[in-house]
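Novice: Numbering (the working numbering), first residue to last: 104 to 512.
The C-beta atom is built at its ideal place from N, Cα and C for all residues, glycine as well.
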């Protein structure tokens, strides 16, 4: 019985010694010395327990030296630097790696475009173009004489300094708004397709307005107004008041005054609209653009893609590259495909977890705090070193368990 045990140990030790010598992984000659003593004992047909123990200890130390190679790999016939790998499955894994890398690149590009679009949308929301148009028109009404002097004599600086700057700022805002709408529609469509497969299915047949955003569709379909100059403000007011006075009873003074105020307001808004038409700015003072829905949808989609989709993809990419190195190394055996699959999935979970821990909370609920590319880099590193990450979590759990056990005593 003792000789059978020793024969099995000698067989295993011979396999390990062969691999250790070929790969140069053995840190000392203890295994070779113990193997020599064991072969001598077998040749003499003696069973010395000390020889068995010495060989077991040396074999245990040598297994640590040649890791991740295991005895099971050697018993199945695997040998280092042997060209007998599973080429079809390796090629399939390579194709999958390319697909995951392409998915990471495509999703990251859409994510960054959506983040930039969110910042632009927030800027347009806070710019309040309708209010700027009303202020510019009010400035023009209050300084009519300065405008006349600027045009006639050129001595007044109002038209060239204050008015011109405000006019071009408003014009630039309007042009930005027109350029924004079709781009925002496409970006919102792309990011929401990534965030929700059901949305992707619903939008396949709707190419004209895939996002269903009425505000964006209205801006897209909006055309530039004509450049017909407005009539004189004073003449407009007089005509409006004459029309109102002709339709009112003379004895009702209160109604007269109320309708005069209403008429003045209607006239003012009509003049404002014609003024916007004259400067070719299609902004309706009573229907300002509201980007709240677009901001809300962008924030939701960016949050889901940044906290779930991209961390999982980068974690998977890290785990895939780790196994690609293993597959390309002729000195180590190929891991089983089930093991590779589970490790890639663990890399995805690890990437999601590390991004959750790394992403700071937003100080304002109305303004989202989005994940940066640095967090995705961490997800990649954690996916690559999944074993180290979960080993650290195990040690953390063991530490708290010991602390809790000591406190309960």
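Which term fits residue 292, buried or exposed, when burial requires 16 or more other beta carbons within 10 angstroms of its beta carbon?
Specialist: Taking the first residue of the chain shown as position 1, residue 292 is located at position 189. Buried, by the Cβ-count rule.
Novice: What separation, rounded to the nearest whole angstrom, lies between the Cα atoms of residue 500 and residue 273?
Specialist: For this step, residue 500 is matched to residue 397 along the chain shown. For this step, residue 273 is matched to residue 170 along the chain shown. Computed Cα separation, rounded: 60 Å.
Novice: Do residue 60 and residue 430 have their CB atoms nearer than 7 Å?
Specialist: Nothing can be reported for residue 60, as the shown portion of the chain is limited to 104 through 512.
Novice: Here's a check: name, in chain order, each residue in its chain whose Cβ is nearer than 8 Å to the Cβ of residue 174, leaving out the five neighbours to either side.
Specialist: What you label residue 174 is simply residue 71 of the chain shown in a count that begins at 1. Here the set comprises 115, 118, 119 and 166.
Novice: What do you reckon, are the CB atoms on residue 405 and residue 217 nearer than 7 Å?
Specialist: In the chain shown, the residue the question calls residue 405 occupies position 302. In the chain shown, the residue the question calls residue 217 occupies position 114. Closer than 7 Å, so yes.
Novice: Within 10 Å of its beta-carbon, does residue 152 have 16 or more other beta-carbons around it, so buried, or fewer, so exposed?
Specialist: On the chain shown, residue 152 is found 49 positions in, with the first residue counted as 1. Residue 152 should be labelled exposed.
Novice: Pairs of beta-carbons, one from the region 453-460 and one from the region 471-482, closer than 8 Å: are there three or more?
Specialist: yes
Novice: Just reading off the alpha helix (DSSP H) that residue 231 is part of, what are its end residues?
Specialist: Numbered from 1 along the chain shown, position 128 holds the residue referred to as residue 231. Run containing residue 231: none; DSSP gives neither H nor E here.
Novice: Cα separation between residue 370 and residue 303?
Specialist: Counting from one through the chain shown, the residue named residue 370 turns up at place 267. Counting from one through the chain shown, the residue named residue 303 turns up at place 200. Looking at the two C-alpha atoms, the distance is approximately 48 Å.
Novice: Might you give, ordered along the chain, the residues of its own chain that have their beta carbon closer than 7 Å to the beta carbon of residue 135, omitting 5 neighbours on each side?
Specialist: Residue 135 sits at position 32 when you count from the first residue of the chain shown. Around residue 135: 120.
Novice: Tell me the rounded alpha-carbon separation between residue 497 and residue 484.
Specialist: In the chain shown, counting from the first residue as 1, residue 497 sits at position 394. In the chain shown, counting from the first residue as 1, residue 484 sits at position 381. The straight-line gap from Cα to Cα measures roughly 18 Å.
Novice: Would you mind giving the Cβ-Cβ distance between residue 413 and residue 220, rounded to the nearest angstrom? I have them listed as a contact below 8 Å.
Specialist: The count along the chain shown starts at 1 and reaches residue 413 at position 310. The count along the chain shown starts at 1 and reaches residue 220 at position 117. 17 Å between Cβ atoms; not a contact.
Novice: Evaluate residue 234 with the Cβ neighbour count: other Cβ atoms within 10 Å of its Cβ, from every protein chain shown; 16 or more gives buried, anything less gives exposed.
Specialist: Counting from one through the chain shown, the residue named residue 234 turns up at place 131. Counting Cβ neighbours within 10 Å, residue 234 comes out exposed, since fewer than 16 surround it.
Novice: By how many angstroms is the C-alpha of residue 158 removed from the C-alpha of residue 502?
Specialist: One-based indexing of the chain shown puts residue 502 at position 399. One-based indexing of the chain shown puts residue 158 at position 55. Cα to Cα, residue 502 sits roughly 35 Å from residue 158.
Novice: Quick check on the DSSP output: the alpha helix (DSSP H) that includes residue 294 runs from which residue to which?
Specialist: Position 191 of the chain shown, counted from the first residue, corresponds to residue 294. Looking at the DSSP string, the run of the alpha helix (DSSP H) that includes residue 294 is 267-298.
Novice: Could you check the C-alpha separation between residue 492 and residue 454 for me, to the nearest Å?
Specialist: Here residue 492 is taken as the residue at index 389 of the chain shown, counted from 1. Here residue 454 is taken as the residue at index 351 of the chain shown, counted from 1. Their Cα atoms are separated by approximately 10 Å.
Novice: So, using beta-carbon positions, are residue 489 and residue 422 closer together than 7 Å?
Specialist: Taking the chain shown and counting its residues from 1, one reaches residue 489 at position 386. Taking the chain shown and counting its residues from 1, one reaches residue 422 at position 319. Cβ atoms of residue 489 and residue 422: closer than 7 Å.
Novice: Please report the distance separating the alpha-carbon of residue 278 from that of residue 226.
Specialist: Counted from its first residue, the chain shown places residue 278 at position 175. Counted from its first residue, the chain shown places residue 226 at position 123. Those two C-alpha atoms are separated by around 14 Å.
Novice: Got a sec? Which residues, its chain only, sit under 7 Å from residue 185 by beta carbon, not counting five neighbours each side?
Specialist: Along the chain shown, one-based indexing puts residue 185 at 82. Cβ within range, chain order: n/a, list empty.
Novice: Below 6 Å CB to CB, which residues in the same chain sit around residue 237 once its five sequence neighbours on both sides are set aside?
Specialist: Within the chain shown, the letter at position 134 stands for residue 237. Here the set comprises 388.
Novice: When the Cα of residue 133 is compared with those of 281, 462 and 162, which residue comes out closest?
Specialist: Here the question's residue 133 lines up with position 30 in the chain shown. Looking at the Cα atoms, 162 is the closest of the given residues.
Novice: What would DSSP say about residue 209, mapped onto helix, strand or coil?
Specialist: If you number the chain shown from 1, residue 209 lands on position 106. DSSP places residue 209 in helix when its eight states are reduced to three.
Novice: With a 10 Å radius around its C-beta and 16 neighbouring C-beta atoms as the bar for buried, classify residue 239 as buried or exposed.
Specialist: Translated into the one-based positions of the chain shown, residue 239 becomes position 136. Buried, by the Cβ-count rule.
Novice: Buried or exposed: residue 417, going by 16 or more other Cβ atoms within 10 Å of its Cβ?
Specialist: In the chain shown, residue 417 corresponds to position 314, counting from 1. That one is buried.
Novice: Between residue 141 and residue 109, is the Cβ-Cβ spacing less than 7 Å?
Specialist: Within the chain shown, the letter at position 38 stands for residue 141. Within the chain shown, the letter at position 6 stands for residue 109. Taking 7 Å as the Cβ cut-off, residue 141 and residue 109 qualify as a contacting pair.
Novice: Quick check: residue 450 and residue 409, are their CB atoms within less than 7 Å of each other?
Specialist: As a position in the chain shown, residue 450 is number 347, starting the count at 1. As a position in the chain shown, residue 409 is number 306, starting the count at 1. Not in contact: residue 450 and residue 409 (Cβ atoms no closer than 7 Å).
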